[in-house]
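Enquirer: Input: one structure, supplied below.
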Amino acid sequence: MSLSTEVREYSGVTIVDMTGRITLGEESGQVRDTVRGLLENGATKIVLNLGGVTYIDSSGLGELVSAYTTSRNQGCEIKLLNVQAKVQDLLQITKLHTVFHCLTDETEAVTSF
Amino acid sequence: MTDCRKLRLSLESTLDSIDAAELIVQRLAELNGFNEDQVHQIGMGVRETVANAVKHGNAFNLAKRVSFDAAVDEVAFEVTVTDQGAGFEPEDIADPCEGDNLLRASGRGLLMMKAFFDEVEVGRCAGTGTRVRLVKYCAKGAS
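Top line first, the protein sequences correspond to chains F and A. Quick note: the first sequence uses this note's numbering, first residue 437, plus one each step. Quick note: the second sequence uses this note's numbering, first residue 180, plus one each step.
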């Protein structure tokens with residue numbers, strides 16, 4: 437299953453709804469290109485909605501970290517929404533739960549910036 | 180219970196081989212009674228191992244192959260992946276959970292293998308390349 441992304445705006449926050457897998461190859465590149473495009477368009481608050489993402493490998497995690505650091509360096513903040521259980525396990529294993537702000541409610545995510 | 184307990188493959192150094200290896204071991208684990216969580220863990224650990232072999236070991240060189248052996252018995256699920264790359268020293272891999280390494284984009288594969296398998300051995304094979312042996316013990320029904 438490949439990755440699909442849809443971008444929408446909600447109260448000044450850019451929300452990216454993601455569905456599928458984020459793994460080495462095209463899918464990881466898709467995350468990179470999407471975030472890069474948003475930054476080029478001036479986004480400063482981004483929520484990556486991972487509610488439809490059932491699987492991430494180490495390359496996918498690396499791409500999320502790159503998105504986080506690249507955004508931060510450009511004055512943009514990225515938060516994660518609706519992280520699924522197996523992906524949450526990976527964040528714990530890799531201690532990336534200490535890096536990412538993960539939320540489970542979209543309104544809360546939007547108002548948390 | 181089926182009789183599907185061993186397989187040996189020679190994989191191309193491509194992204195498709197990573198997906199194929201993951202699907203194959205997941206199916207093998209299912210057929211041999213591993214539960215859903217165990218199947219997921221075996222698939223992820225193998226995915227990381229084959230990805231390392233294809234990407235870092237063989238550097239996507241189509242002239243180089245990845246040897247893949249999997250076997251299941253009453254004791255364990257065992258996978259061995261061997262590439263034809265230059266090899267590496269596991270001690271040289273920085274702890275991805277330590278300090279600034281948390282913000283590095285790579286270096287988490289070995290950590291994930293160790294999280295999902297009970298034993299992970301990394302060594303040089305005769306000649307050249309890296310051999311990774313993964314073992315997950317059968318506690319059927321447990322995660």
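Each residue gets a CB set at the ideal place from its N, CA and C atoms; glycine is no exception.
Distance, Cα to Cα, A:Ser189 vs A:Ala305?
Expert: 17 Å
Enquirer: Over what stretch of residues does the alpha helix (DSSP H) that includes A:Val204 continue unbroken?
Expert: Per DSSP, the unbroken alpha helix (DSSP H) holding A:Val204 starts and ends at 194-210.
Enquirer: Tell me which same chain residues have a C-beta within less than 6 Å of the C-beta of F:Val443, skipping the five on either side of it?
Expert: Val452
Enquirer: Please name the residue in A:Ala250, A:Ala242, A:Asp271, A:Arg244 whose C-alpha comes closest to that of A:Gln205.
Expert: A:Ala250
Enquirer: Please identify the residue among A:Ala318, A:Gly308, A:Lys315, A:Asp195 whose C-alpha is closest to the C-alpha of A:Gly236.
Expert: A:Gly308
Enquirer: Helix, strand or coil for A:Met180, going by three-state DSSP, please let me know.
Expert: Per-residue confidence for A:Met180 stands at a pLDDT of 42, beneath the threshold of 50, marking its modelled position as unreliable; the derived number appears in the next sentence. Correct three-state label for A:Met180: coil.
Enquirer: Tell me whether the beta-carbon of F:Arg457 lies closer than 8 Å to the beta-carbon of F:Thr490.
Expert: Yes. Within cutoff.
Enquirer: Closer than 8 Å, Cβ to any Cβ of chain A: which residues of the segment 494-517 of chain F, in chain order?
Expert: Ser494, Ser495, Leu497, Gly498, Glu499, Val501, Ser502, Tyr504, Thr505
Enquirer: Closer than 8 Å, CB to CB, is A:Cys164 near chain F or not?
Expert: Outside the displayed span of chain A (180 to 322) sits residue 164 of chain A, for which this structure offers no information.
Enquirer: Using the rule of at least 16 other Cβ atoms within 10 Å of the residue's Cβ for burial, across every protein chain shown, is F:Gly478 buried or exposed?
Expert: exposed
Enquirer: According to the Cβ coordinates, are A:Leu279 and A:Ala232 closer than 8 Å?
Expert: According to the sequence shown, residue 279 of chain A is Asp rather than Leu. It is not a contact, given that the beta carbons lie outside the stated cut-off.
Enquirer: Strictly below 8 Å CB to CB, what residues from chain F border A:Ala238?
Expert: Chain F residues near A:Ala238: none, gap ~14 Å exceeds 8 Å.
Enquirer: Would you mind telling me which residues of chain A sit closer than 8 Å to F:Ile482, beta carbon to beta carbon, in chain order?
Expert: The contacting residues do not exist; F:Ile482 stays about 17 Å from chain A at best.
Enquirer: Quick check: is the beta carbon of F:Ile458 nearer than 8 Å to any beta carbon in chain A?
Expert: no
Enquirer: Please state whether DSSP places A:Val218 in a helix, a strand or coil.
Expert: helix
Enquirer: Any C-beta of chain F within less than 7 Å: which residues of the segment 195-217 of chain A qualify?
Expert: The segment 195-217 of chain A vs chain F, Cβ under 7 Å: Ile197.
Enquirer: In terms of DSSP beta bridges, what is F:Cys538 paired with?
Expert: DSSP, once it has assigned bridges, lists F:Leu516 as partnering F:Cys538.
Enquirer: Along chain F, in chain order, which residues have C-beta atoms closer than 7 Å to that of A:His235?
Expert: Simply none; closest approach about 11 Å.
Enquirer: Can you tell me where the beta strand (DSSP E) holding F:Ile482 begins and where it ends?
Expert: 481-492
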